[in-house]
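Just below is one structure, and these are the notes that go with it.
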Amino acid sequence: MAKHPFPVFDGDGHVLEDDDELLQHYEGRFENMRMQRTFGIWPSLDGWSRGVINSTEDADRRYFHTNAEVWREMVDVIGIEGTVLYPTAGLACGLISDVEWAVATATAYNNWLEARYTSQDERFHGAGMLAVQDPEAAAAEIARCKTERVRFPACVLPSMTILGKTYGDDFFAPIFEAAEKHAMPLAIHGAPSRGLGFDHFTEFVKVHTLEHPFPLMIHLTDIVFSGVFDRYPGLRIAFLEGGCTWVPFMMDRMDYEYDSIFGTAARKRLKKRPSDYIREGDNFWVAMELGERGLKYAIDAMGSERILYASDYPHEPTEEDLTTELPEFIASNDYSEAVKRNLLYNNMIEFYRLN
7 MAKHPFPVFD
17 GDGHVLEDDD
27 ELLQHYEGRF
37 ENMRMQRTFG
47 IWPSLDGWSR
57 GVINSTEDAD
67 RRYFHTNAEV
77 WREMVDVIGI
87 EGTVLYPTAG
97 LACGLISDVE
107 WAVATATAYN
117 NWLEARYTSQ
127 DERFHGAGML
137 AVQDPEAAAA
147 EIARCKTERV
157 RFPACVLPSM
167 TILGKTYGDD
177 FFAPIFEAAE
187 KHAMPLAIHG
197 APSRGLGFDH
207 FTEFVKVHTL
217 EHPFPLMIHL
227 TDIVFSGVFD
237 RYPGLRIAFL
247 EGGCTWVPFM
257 MDRMDYEYDS
267 IFGTAARKRL
277 KKRPSDYIRE
287 GDNFWVAMEL
297 GERGLKYAID
307 AMGSERILYA
317 SDYPHEPTEE
327 DLTTELPEFI
337 ASNDYSEAVK
347 RNLLYNNMIE
357 FYRLN
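When the count follows the working numbering, it moves up by one through the sequence shown with no breaks and lands on 361 for the last residue.
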């Protein structure tokens with residue numbers, strides 16, 4: 007029996023990686039590698055010991071592992087048609103300094119995700135990991151995710167990297183060319199905060215408040231003003247896990263600068279005003295939080311057709327959150343049924359091309 011009055015699809019769920027399992031999926035010279043257990047595969051997202059935080063602060067609400075069985079149960083608990091699974095520790099892939107290891111690890115992660123999740127249940131879809139440190143290798147992995155892997159409808163771009171570049175830089179052109187060629191959506195997923203200017207914080211809640219939306223704003227600014235959407239009109243990029251209420255602010259802010267004396271070069275270079283790239287077409291997508299009071303302003307600014315629902319399981323939400331917030335949102339009178347259907351189902355199907 008359907009749990010909701012219309013179908014719901016999760017545009018951003020997560021897996022919790024297991025190093026011992028991942029080590030079984032490396033290729034090439036790292037195949038069958040023995041690894042010292044003192045050090046893990048991934049660098050820290052931001053220097054904070056999240057495993058300790060998740061285990062000691064309000065521990066009753068935390069989840070400690072995922073696998074296909076756990077996710078099958080959660081699909082039923084939440085009442086969703088399916089989910090697109092993103093990494094957790096792997097969101098630090100862009101912070102791996104050894105480029106060869108980054109490429110090998112992205113491939114191994116995708117092998118593992120396919121073996122453990124996407125091949126196990128048709129409701130599970132994977133966001134392929136890309137080692138953007140090597141754009142040509144990332145482009146090849148996009149092609150592999152599209153043509154060889156089981157249910158990989160998107161690839162994820164790390165929000166922070168060791169490169170000292172953001173995604174408006176021509177360095178990333180091979181990635182965007184491959185994504186456009188293969189009709190592969192990309193997603194910039196917030197999490198790491200290295201280099202953002204708040205490493206001095208001594209309380210994690212302050213870091214966590216900023217480390218998701220700030221990188222999204224930085225990348226969007228660079229992408230728009232550098233003309234990425236003009237050069238790759240078929241490119242689709244989703245900006246995930248920073249909410250969506252920052253979007254109207256950025257639309258106004260970029261337009262203001264575009265119209266100012268500092269925007270002379272941009273006005274000559276770009277085909278549209280910055281806000282029009284967000285308001286029109288299919289280039290820009292963003293994930294919402296069900297509890298955002300400013301959601302209505304984001305819908306007013308950009309429409310309801312490119313805003314995505316995300317469970318974010320198993321990160322912040324409790325099981326109570328997952329089982330109450332969605333029915334309450336559907337039952338509310340704040341939005342029309344057509345808008346709710348867009349936000350909770352249609353937009354995910356369209357962005358990930360799941361038809």
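Glycine included, C-beta positions come from ideal geometry on N, C-alpha and C.
To the nearest angstrom, how far is it from the Cα of residue i to the Cα of residue j?
i, j, result
"alanine 108", "alanine 8", "42 Å"
"histidine 71", "leucine 119", "14 Å"
"proline 159", "methionine 190", "7 Å"
"serine 199", "isoleucine 243", "20 Å"
"valine 81", "arginine 359", "20 Å"
"methionine 294", "leucine 91", "16 Å"
"aspartate 318", "lysine 274", "40 Å"
"aspartate 258", "threonine 227", "12 Å"
"phenylalanine 207", "threonine 215", "11 Å"
"aspartate 340", "arginine 35", "56 Å"
"alanine 193", "glutamate 209", "28 Å"
"threonine 280", "proline 254", "Looking at the sequence itself, residue 280 is proline, so the reference to threonine does not match. For proline 280 and proline 254, the distance between alpha carbons rounds to 12 Å."
"glycine 41", "alanine 144", "According to the sequence displayed, residue 41 carries methionine and not glycine. Cα to Cα, methionine 41 sits roughly 25 Å from alanine 144."
"lysine 187", "methionine 256", "29 Å"
"alanine 149", "asparagine 361", "20 Å"
"tyrosine 238", "aspartate 265", "24 Å"
"threonine 251", "glutamate 322", "19 Å"
"aspartate 306", "isoleucine 102", "40 Å"
"leucine 349", "arginine 157", "22 Å"
"histidine 195", "methionine 223", "12 Å"
"glycine 269", "threonine 94", "38 Å"
"tryptophan 77", "glutamate 128", "12 Å"
"glutamate 154", "cysteine 161", "14 Å"
"glutamate 356", "alanine 137", "26 Å"
"asparagine 73", "alanine 271", "50 Å"
"aspartate 25", "tyrosine 123", "16 Å"
"leucine 296", "tyrosine 351", "14 Å"
"glycine 201", "histidine 225", "14 Å"
"leucine 276", "lysine 346", "33 Å"
"tryptophan 48", "aspartate 205", "19 Å"
"asparagine 38", "phenylalanine 15", "37 Å"
"glycine 170", "threonine 44", "29 Å"
"glutamate 142", "proline 13", "38 Å"
"serine 125", "glutamate 263", "47 Å"
"glutamate 75", "glycine 249", "29 Å"
"isoleucine 229", "glutamate 326", "38 Å"
My guess is that residue i and residue j are in contact by the Cβ rule of under 8 Å, so how many angstroms apart are they, rounded?
i, j, result
"glutamate 147", "alanine 112", "6 Å"
"alanine 316", "leucine 246", "7 Å"
"glutamate 217", "alanine 185", "That belief does not hold up - the Cβ atoms of glutamate 217 and alanine 185 are roughly 25 Å apart, past 8 Å."
"phenylalanine 100", "threonine 167", "Here residue 100 turns out to be glycine, not phenylalanine, going by the sequence shown. Confirmed, about 4 Å."
"leucine 301", "asparagine 353", "About 13 Å separates the two Cβ atoms, so there is no contact after all."
"glycine 174", "phenylalanine 231", "7 Å"
"methionine 308", "arginine 285", "5 Å"
"histidine 20", "glycine 88", "With a Cβ gap of about 14 Å, histidine 20 and glycine 88 do not count as contacting."
"leucine 51", "alanine 98", "5 Å"
I'd like to confirm the pairing. Which residues does DSSP put opposite residue i in its beta bridges?
i, result
"histidine 19", "The question names histidine, yet the displayed sequence has glycine at residue 19. Glycine 19 is bridged to Leu91."
"tryptophan 291", "Ala244"
"glycine 134", "Cys161"
"alanine 108", "DSSP output for alanine 108 lists no bridge partner at all."
"alanine 185", "Per DSSP, none; premise fails for alanine 185."
"leucine 314", "Ala293"
Counting along the chain, where does the beta strand (DSSP E) carrying residue i start and finish?
i, result
"methionine 223", "Careful: methionine 223 lies outside any beta strand (DSSP E), inside the alpha helix (DSSP H) at 219 to 231."
"isoleucine 194", "192 to 195"
Residue i lies in the alpha helix (DSSP H); which residues open and close that run?
i, result
"alanine 304", "301 to 308"
"alanine 143", "141 to 153"
"threonine 330", "325 to 337"
"serine 125", "Here serine 125 belongs to no alpha helix (DSSP H), and DSSP marks it neither H nor E."
"leucine 28", "25 to 28"
"proline 2", "Given a span of 7 to 361 for the chain in the structure shown, any question on residue 2 remains unanswerable."
"arginine 275", "270 to 275"
"glutamate 343", "343 to 347"
"isoleucine 84", "74 to 84"
"aspartate 282", "280 to 285"
"isoleucine 168", "Isoleucine 168 -> no alpha helix (DSSP H), and no H or E assigned at all."
"phenylalanine 36", "Careful: phenylalanine 36 lies outside any alpha helix (DSSP H) and carries neither H nor E."
"isoleucine 5", "Here the chain covers residues 7 to 361 and nothing more, so residue 5 does not appear."
"arginine 200", "No alpha helix (DSSP H) contains arginine 200, which DSSP labels as neither H nor E."
"phenylalanine 177", "Where phenylalanine 177 is concerned, there is no enclosing alpha helix (DSSP H), given that its DSSP letter is neither H nor E."
"valine 234", "234 to 237"
Cβ-heavy atom distance between residue i and the ligand HEM below 7 Å?
i, result
"phenylalanine 235", "No copy of the ligand HEM occurs in the structure displayed, which carries no ligand at all."
Compare the C-beta of residue i with all C-beta atoms of chain D and state if any pair is closer than 8 Å.
i, result
"glycine 96", "No chain D appears in this structure, which consists of one protein chain only."
Practice task
Take every Cβ of the segment 21 to 36, pair it with every Cβ of the segment 119 to 128, and state whether three or more of those distances are shorter than 8 Å.
Solution key: Output reads yes: the segment 119 to 128 touches the segment 21 to 36.
Practice task
Evaluate the contact criterion for the segment 325 to 342 versus the segment 279 to 291: three or more CB pairs, one atom per stretch, below 8 Å.
Solution key: With contact defined as three or more Cβ pairs closer than 8 Å, the segment 325 to 342 and the segment 279 to 291 are not in contact.
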